[in-house]
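Undergrad: Protein sequences appear in the order of chains V and H.
With the numbering used here applied, the first sequence corresponds to residues 11 to 449, in that order.
With the numbering used here applied, the second sequence corresponds to residues 66 to 372, in that order.
For glycine and all other residues, C-beta sits at the position ideal for the given N, C-alpha and C.
Computed from a prediction, not measured in an experiment: that's the story for all the values here.
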Amino acid sequence: MKLSGIRVPHRKHTADCAPQRLPVPELVTIPMSMHIGKHAKPIVKVGETVKVGQLIAEADGFISAPIHSSVSGKIKKLDELTMSNGTKTTAIVIESDGMMEVHESVQPPVVNDFDSFIAAVKSSGVVGLGGAGFPTFVKLGVKDLSKIDAVIINAAECEPYITSDTRTMLDKPELIFDGIELLKKYLGTKRVIIGIENNKKACTAKMQQMADNTSGVEVKVLPSIYPQGGEKVLVYNTIGKIVPKGGLPLDVGAIVINCTTLSSIAEYIKTGMPLVEKCITVDGSAVNEPKNVIAPIGTPLSNLFEFCGGFKSEPKKVLYGGPMMGIAVPSLDMPVLKMTNAALAFDESEAKPPKTTACIGCGECINHCPLNLNPPAIAKANKLNLPEELKALCADLCMECGCCAYVCPAKRPIVQNNKLAKAKLNKYIREQKEKEGGK
Amino acid sequence: MSKLVSSVSPHITSNRTTQKIMLDVIIALIPAGVASVIIFGLRSLLVIGVCVAVCVLSELIFEKICKKENTILDLSAIVTGLLLAYNLPVSIPLWQAAFGSLFAIVVVKQLFGGIGQNFANPAITARIVMLVAFSGTMTHWTAPFADTATTATPLVHLSNGALNELPSYLDMLLGVRGGCLGETCTIALLAGGIYLIARRVISWHTPVAFIGTVLVMSLLFDKAPLYQLMSGGLIIGAFFMATDYATTPSTKWGKIIFGVGCGLITILIRFWGTAPEGVSYSILLMNIFTPYISKLTRPKPLTGGGK
Numbered sequence: 011m012k013l014s015g016i017r018v019p020h021r022k023h024t025a026d027c028a029p030q031r032l033p034v035p036e037l038v039t040i041p042m043s044m045h046i047g048k049h050a051k052p053i054v055k056v057g058e059t060v061k062v063g064q065l066i067a068e069a070d071g072f073i074s075a076p077i078h079s080s081v082s083g084k085i086k087k088l089d090e091l092t093m094s095n096g097t098k099t100t101a102i103v104i105e106s107d108g109m110m111e112v113h114e115s116v117q118p119p120v121v122n123d124f125d126s127f128i129a130a131v132k133s134s135g136v137v138g139l140g141g142a143g144f145p146t147f148v149k150l151g152v153k154d155l156s157k158i159d160a161v162i163i164n165a166a167e168c169e170p171y172i173t174s175d176t177r178t179m180l181d182k183p184e185l186i187f188d189g190i191e192l193l194k195k196y197l198g199t200k201r202v203i204i205g206i207e208n209n210k211k212a213c214t215a216k217m218q219q220m221a222d223n224t225s226g227v228e229v230k231v232l233p234s235i236y237p238q239g240g241e242k243v244l245v246y247n248t249i250g251k252i253v254p255k256g257g258l259p260l261d262v263g264a265i266v267i268n269c270t271t272l273s274s275i276a277e278y279i280k281t282g283m284p285l286v287e288k289c290i291t292v293d294g295s296a297v298n299e300p301k302n303v304i305a306p307i308g309t310p311l312s313n314l315f316e317f318c319g320g321f322k323s324e325p326k327k328v329l330y331g332g333p334m335m336g337i338a339v340p341s342l343d344m345p346v347l348k349m350t351n352a353a354l355a356f357d358e359s360e361a362k363p364p365k366t367t368a369c370i371g372c373g374e375c376i377n378h379c380p381l382n383l384n385p386p387a388i389a390k391a392n393k394l395n396l397p398e399e400l401k402a403l404c405a406d407l408c409m410e411c412g413c414c415a416y417v418c419p420a421k422r423p424i425v426q427n428n429k430l431a432k433a434k435l436n437k438y439i440r441e442q443k444e445k446e447g448g449k
Numbered sequence: 066m067s068k069l070v071s072s073v074s075p076h077i078t079s080n081r082t083t084q085k086i087m088l089d090v091i092i093a094l095i096p097a098g099v100a101s102v103i104i105f106g107l108r109s110l111l112v113i114g115v116c117v118a119v120c121v122l123s124e125l126i127f128e129k130i131c132k133k134e135n136t137i138l139d140l141s142a143i144v145t146g147l148l149l150a151y152n153l154p155v156s157i158p159l160w161q162a163a164f165g166s167l168f169a170i171v172v173v174k175q176l177f178g179g180i181g182q183n184f185a186n187p188a189i190t191a192r193i194v195m196l197v198a199f200s201g202t203m204t205h206w207t208a209p210f211a212d213t214a215t216t217a218t219p220l221v222h223l224s225n226g227a228l229n230e231l232p233s234y235l236d237m238l239l240g241v242r243g244g245c246l247g248e249t250c251t252i253a254l255l256a257g258g259i260y261l262i263a264r265r266v267i268s269w270h271t272p273v274a275f276i277g278t279v280l281v282m283s284l285l286f287d288k289a290p291l292y293q294l295m296s297g298g299l300i301i302g303a304f305f306m307a308t309d310y311a312t313t314p315s316t317k318w319g320k321i322i323f324g325v326g327c328g329l330i331t332i333l334i335r336f337w338g339t340a341p342e343g344v345s346y347s348i349l350l351m352n353i354f355t356p357y358i359s360k361l362t363r364p365k366p367l368t369g370g371g372k
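1) Hey, does V:Cys-43 have any beta-carbon neighbour from chain H nearer than 8 Å?
2) Can you check whether the CB of V:Thr-173 is closer than 8 Å to the CB of V:Ala-25?
3) Just to confirm my understanding: we take H:Thr-316, look at its own chain, exclude 5 residues before and 5 after, and list those with CB closer than 6 Å. What are they?
4) Using the three-state DSSP reduction, which class does V:Glu-324 fall into: helix, strand or coil?
5) Which residues in the same chain have their Cβ closer than 8 Å to the Cβ of V:Gln-30, if we skip the five residues on either side of it in sequence?
6) For the region 218–264 of chain V, list the beta strand (DSSP E) runs that are entirely contained and at least 3 residues long, ordered along the chain.
7) Mind checking H:Lys-372: buried by the 16 CB within 10 Å criterion, or exposed?
8) Shorter than 8 Å from the beta carbon of H:Ser-283 to some beta carbon of chain V?
9) Does any residue of chain V have a CB that is nearer than 8 Å to the CB of H:Thr-8?
10) Under 7 Å Cβ to Cβ from V:Asn-458, same chain only, skipping five residues before and after it: list those, please.
11) Exposed or buried, V:Met-349, counting other C-beta atoms within 10 Å across all chains shown (16 or more means buried)?
12) Give the residues of chain H in contact with V:Met-334, contact being defined as C-beta atoms less than 8 Å apart.
13) Identify which residue in V:Glu-374, V:Cys-369, V:Val-328 has its Cα closest to the Cα of V:Ala-352.
14) Quick one, are the C-beta atoms of H:Pro-219 and H:Pro-232 less than 8 Å apart?
15) Among residues of its own chain, excluding the 5 on either side of H:Leu-280, which ones have a beta-carbon nearer than 7 Å to its beta-carbon?
16) With respect to the alpha helix (DSSP H) encompassing V:Leu-314, which residues constitute its N-terminal and C-terminal limits?
17) Establish whether the CB of V:Val-253 and some CB of chain H are separated by less than 8 Å.
18) Determine, using beta-carbon pairs with one atom in the region 260–276 of chain H and one in the region 164–172 of chain H, whether at least three such pairs fall under 8 Å.
19) Any contact between the region 377–396 of chain V and the region 331–341 of chain H? By contact I mean 3 or more CB pairs, one from each, below 8 Å.
20) Tell me which same chain residues have a C-beta within less than 7 Å of the C-beta of H:Asp-236, skipping the five on either side of it?
21) Could you give the distance in angstroms between the alpha-carbon of V:Leu-37 and the alpha-carbon of V:Lys-421?
22) Could you list which residues in chain H have their beta carbon closer than 8 Å to that of V:Gly-257, in chain order?
23) Within 8 Å of any Cβ in chain H, is that where the Cβ of V:Gln-426 sits?
24) How is V:Pro-300 classed by DSSP in three states: helix, strand or coil?
25) Please list the partners that H:Ile-86 has in chain V, where partner means a Cβ-to-Cβ separation under 9 Å.
26) Based on DSSP bridge pairs, tell me the residues matched to V:Thr-291.
27) For V:Pro-119 and chain H, any beta-carbon pair shorter than 8 Å?
28) Answer with buried or exposed for H:Phe-286, where buried requires no fewer than 16 other C-beta atoms within 10 angstroms of its C-beta.
29) With DSSP as the reference, label V:Val-60 as helix, strand or coil.
30) Starting from V:Glu-111, trace the beta strand (DSSP E) in both directions and tell me its first and last residue.
31) Following the continuous beta strand (DSSP E) through V:Ile-41, name the residue where it begins and the one where it ends.
32) Under 8 Å by Cβ, that's how I've got H:Gly-298 and H:Ser-224 pegged, so tell me the actual separation to the nearest angstrom.
33) Looking only at DSSP bridge pairs, what is V:Ala-160 linked to?
34) Closer than 9 Å, Cβ to Cβ, to anything on chain H: give me those residues from the region 339–353 of chain V, in chain order.
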């Protein structure tokens, strides 16, 4: 069986652009919610001076991640910030002194066994950099290591435009392989598979060349069919197993980790520098000179665009991430987050959602769903308020990859519909549980 | 700076639109239309014009009266008009053609909610209603290249066993035979059908299953298989009407079941029924089964055994 998907335009204009370092921004805004889980807890006060790599917020609770200062300077204020998804969080605003002085705590950590490795991954502040932002130490902190058959390194980078993982593979291949050695040593991983889409020839060559000198590493070249880098899709296309609904890749013996996430961990263990900067692809129809830019976390997006020659036409829509799953931001003041891998700005012609017309029943959405879902039936059950039907249709399996909405000739807002249906179903399941609990 | 647009992903979509799909269908139907004018004369252009005009106008007026959004620009009414015209004899009185068009759009399409909501193919249903209402004029077949001379269709010859009366294979291929004005020219219809498959407007499953079933059955019962394929409305039905999105299944296996079902019903009517032709009835009957076929062939979500 082959999973469905779609051919999207690649638009990897910046694949050959070696990342350029952004001049130190005057101000960075670092939100406490740059990961899935509980927001981090600030441990600095207004007026305090901080340096690069200094811990400014600690992980709060089991699923959370610590946050470090990305510049040296003074804490200006602790602000409330509304994130693009509508949640509110505290943001630490730091006025940079332009010196980028490194904090004394930045020292390579002592790592000699599994526990100290996981502790180091935790203090690196690294989260899933492919976009999900799941704290990496939680993912790697597997209780029963014998369950891991394979580690799959996600280097598919299937979203249009984005080339930041491409640059990691081309510019820091040794860090990826350092990371692989760490996983082998502390997780006992025997089999490592690097999954790359076939539109990245240079990356494949580089990875293959390095893999030839490393035991137990395979490079798997995958067709450029979106969403190749979706976790479930990648697991199926590399080891042929379907991750159960509501489960984790570990349920089928796999751990999936993004290549830049892995290189960031390796970098921390090598140098002691936590995750404080990101390579970001800056592109889109409104941008003058698309580039890959290395910027401190917390940098306002406007700085990135200025650095790329400003706008050639007025930006009407600006995204965190790629055009298939990226999130539209409310303003150019929004900061670079840990999991930001692209900042795209589109002009008027590409910003307006297309006009929606009636569903003509062509079935393209059904035929292109990688997980075999039935969007029209889900939309109908949602409209008629039938949570049981939504459950039977497995609406909550949807990963919001957007293949359905991409192919729809009537331009129906299918992902939006699915999100609403999922919310309704999840609420229903919660209420059912509460009812059962109350008995 | 003005406000940024906020919307749910994805932020890009394919260039495919309903309008472009319908335009492709119209393009695919042009060769058969040209052939009909050559074979049956300018009156076929008149019939086509009346059907298209009445379909478009009745959609426009109906939507105006019901205060619904105007959907003329999706071009689907034009497709319905063309298909209905192609399924009428060239000698049909124009008022009857107009009545059929009105019926197709208002009763079969709009009363069920407009594009995408109707369960039966508008052109086919209207044709069947006309066949019942105007059985005389609907089975009055003008001979090719003649204004007044009448003829019988190959299917009538076939069911009468008058094999020596049948036109040559070449004439069948070119459409020089009696029949509905747009259904006779096999070559033109095939060209249009292949165009639709190449443009991915339709998939090959339905036409291959439909035509394949008719071929196999007529081979099995030794009933002049090639004539069966090129007679009546099989080619136009299999490529253009059994592939209508709203009224046929959308899954691969659903399309195959639909096609085989149409083929079997067509054969049943042609070989053992009283009517010489069964393509329209077969598609309408299978339209009714469509929701069940869709349910039966709906792909299972990939839950991997999880809850």
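TA: The short version:
1) Taking the first sequence and counting its residues from 1, one reaches residue 43 of chain V at position 33. Before going on, a small fix: residue 43 of chain V reads as Ser here, not Cys. Taking Cβ atoms only, chain H never reaches closer than 8 Å to V:Ser-43, which makes this a no.
2) Residue numbering aside, residue 25 of chain V sits at position 15 when the first sequence is read from its first letter. Residue numbering aside, residue 173 of chain V sits at position 163 when the first sequence is read from its first letter. Taking 8 Å as the Cβ cut-off, V:Ala-25 and V:Thr-173 qualify as a contacting pair.
3) Against the second sequence, residue 316 of chain H aligns to sequence position 251. Thr-362, listed in sequence order.
4) Counting from 1 along the first sequence, the entry for residue 324 of chain V is found at position 314. Looking at V:Glu-324 - three-state DSSP - the assignment turns out to be coil, as it is neither helix nor strand.
5) Translated into positions along the first sequence, residue 30 of chain V becomes position 20. If we look at V:Gln-30 and ignore the five residues flanking it on each side, its Cβ neighbours are Lys-301, Asn-302, Val-303, Ile-304, Phe-317.
6) 227–232
7) Taking the second sequence and counting its residues from 1, the one referred to as residue 372 of chain H is at position 307. Flag for H:Lys-372 reads exposed.
8) Translated into positions along the second sequence, residue 283 of chain H becomes position 218. It does not; no Cβ of chain V falls within 8 Å.
9) Lying outside 66 to 372, the shown extent of chain H, residue 8 of chain H is not represented and no answer is given.
10) Since the first residue shown for chain V is 11 and the last is 449, residue 458 of chain V is missing from the structure and cannot be characterised.
11) Position 339 of the first sequence holds residue 349 of chain V. Burial call: buried.
12) Position 324 of the first sequence, counting from 1, holds the residue named residue 334 of chain V. Within 8 Å Cβ-Cβ: Ser-74, Pro-75, His-76, Ile-77.
13) Start at 1 with the first residue of the first sequence, and residue 352 of chain V comes out as number 342. It is V:Val-328 whose Cα lies nearest to the Cα of V:Ala-352.
14) The residue you call residue 219 of chain H lines up with position 154 of the second sequence. The residue you call residue 232 of chain H lines up with position 167 of the second sequence. Yes.
15) Numbered from 1 along the second sequence, position 215 holds the residue referred to as residue 280 of chain H. Once the five neighbours on either side are set aside, the close Cβ partners of H:Leu-280 are Pro-290, Leu-294.
16) Within the first sequence, the letter at position 304 stands for residue 314 of chain V. Start and end: 311–317.
17) The count along the first sequence starts at 1 and reaches residue 253 of chain V at position 243. Closer than 8 Å to some Cβ of chain H, the Cβ of V:Val-253 qualifies, so yes.
18) no
19) no
20) Working through the second sequence from its first residue, we reach residue 236 of chain H at position 171. Around H:Asp-236: Arg-242.
21) Your numbering for residue 37 of chain V matches position 27 in the first sequence. Your numbering for residue 421 of chain V matches position 411 in the first sequence. Taking the straight line joining both Cα atoms gives about 40 Å.
22) The residue labelled residue 257 of chain V in the question sits at position 247 within the first sequence. Chain H residues near V:Gly-257: Gly-369, Gly-371.
23) Residue 426 of chain V sits at position 416 when you count from the first residue of the first sequence. Interface residue, yes.
24) In the first sequence, the residue the question calls residue 300 of chain V occupies position 290. In this structure, V:Pro-300 counts as coil in the three-state DSSP scheme.
25) For this step, residue 86 of chain H is matched to residue 21 along the second sequence. Correct list: Ile-370, Cys-372, Pro-419.
26) The count along the first sequence starts at 1 and reaches residue 291 of chain V at position 281. DSSP output for V:Thr-291 lists V:Asn-302, V:Ala-352 as bridge partner(s).
27) For the purposes of this step, residue 119 of chain V is identified with residue 109 of the first sequence, where counting begins at 1. Judged by the 8 Å Cβ criterion, V:Pro-119 is not in contact with chain H.
28) What you label residue 286 of chain H is simply residue 221 of the second sequence in a count that begins at 1. Under this definition H:Phe-286 is an exposed residue.
29) Working through the first sequence from its first residue, we reach residue 60 of chain V at position 50. Strand at V:Val-60.
30) Taking the first residue of the first sequence as 1, we reach residue 111 of chain V at position 101. No beta strand (DSSP E) contains V:Glu-111, which DSSP labels as neither H nor E.
31) By 1-based counting over the first sequence, the position of residue 41 of chain V is 31. The residue asked about is misnamed: residue 41 of chain V is Pro in this sequence, not Ile. 37–41 is the span of the beta strand (DSSP E), which, as asked, contains V:Pro-41.
32) The residue given as residue 298 of chain H occupies position 233 in the second sequence. The residue given as residue 224 of chain H occupies position 159 in the second sequence. About 15 Å; that fails the 8 Å criterion.
33) Along the first sequence, one-based indexing puts residue 160 of chain V at 150. V:Ala-264, per the DSSP bridge assignment.
34) Val-339, Pro-340, Ser-341, Leu-342
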